[in-house]
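**Q** Counting from 729, one number per residue, gives the positions in the sequence shown under this note's numbering.
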Amino acid sequence: MAKSYKFVILGLIIIAAFFLIMTFQYQQKARNLQLKIDDSLSSSVSELDHKLSKVDITTLPSNLNVILQAASHMRALAPLSSFNNSQAGISSVANLLESALINIENSTYKITEDQLNKLKGQIKELSKDPSNVDLTNQLINTIGAIR
């Protein structure tokens, strides 16, 4: 009987080790996936910065679809990023920016040259550090001022 308890305990130890290894592997996969999402968000912010840097107030209307596409990509990734875990700002910025661009496209909102330049500068800074809470708060105010 003592041997059967040893086999049961040995079996439980083997099962526990198996589950520990599986848990570690899933954590690694989750970490890698999170890094890919964060990298994709950083790339989409950089892409938005690149597209915005090419326009001025006169060329904005003809380039709005391209900029809107980049903003939409950013909006899709923002809630999934780890930057969103530390702050809700990046998602708010992405949602507000996409909404403002759609309203500009529909001529519901007007953007001034000063607002565009301020937005471009802040997006450029955001592309360098998407986790910057102060910057996302500034962007929320900048986008909110576009009417």
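No residue lacks a Cβ here, since even glycine has one placed at the ideal position from N, Cα and C.
Under the rule that 16 or more other beta-carbon atoms within 10 Å means buried, what is Gly739, buried or exposed?
**A** Exposed, since its Cβ has fewer than 16 Cβ neighbours within 10 Å.
**Q** Just curious, the alpha helix (DSSP H) that Val783 is in, first and last residue?
**A** Taken as a continuous stretch (DSSP letters only), Val783 belongs to no alpha helix (DSSP H), as it is neither H nor E.
**Q** Using only the alpha-carbon positions, how far apart do Ser770 and Gln866 sit?
**A** Roughly 18 Å between the two C-alpha positions.
**Q** Label Phe746 either buried or exposed according to how many other C-beta atoms from any shown protein chain fall within 10 Å of its C-beta, with 16 as the threshold for buried.
**A** With fewer than 16 other Cβ atoms within 10 Å, it is exposed.
**Q** Give me the Cα-Cα distance between Leu808 and Ala758, rounded to the nearest whole angstrom.
**A** One C-alpha to the other measures close to 12 Å.
**Q** Using beta-carbon positions only, say whether Leu796 and Glu833 come within less than 9 Å of one another.
**A** The answer is yes: Cβ separation under 9 Å.
**Q** Measure the Cβ-Cβ separation of Ile874 and Ala828 and say whether it is below 9 Å.
**A** Yes, these two residues count as a Cβ contact at 9 Å.
**Q** List the endpoints of the continuous alpha helix (DSSP H) containing Leu808.
**A** Counting along the chain, Leu808 falls outside any alpha helix (DSSP H), and DSSP gives it neither H nor E.
**Q** Only counting the same chain, and skipping five residues up and downstream in sequence, which positions put a Cβ closer than 7 Å to that of Ser774?
**A** Ser855.
**Q** For Ile765, which option in Phe752, Pro858, Ile871, Asp862 has the closest C-alpha, if you only look at C-alpha atoms?
**A** Of Phe752, Pro858, Ile871, Asp862, the residue nearest in Cα terms is Pro858.
**Q** Can you tell me where the alpha helix (DSSP H) holding Thr870 begins and where it ends?
**A** That run of the alpha helix (DSSP H) goes 861-872.
**Q** Suppose the cutoff is 6 Å on Cβ atoms and the five residues either side in sequence are ignored; what does the same chain contact list for Ser810 look like?
**A** Gln762, Asp766, listed in sequence order.
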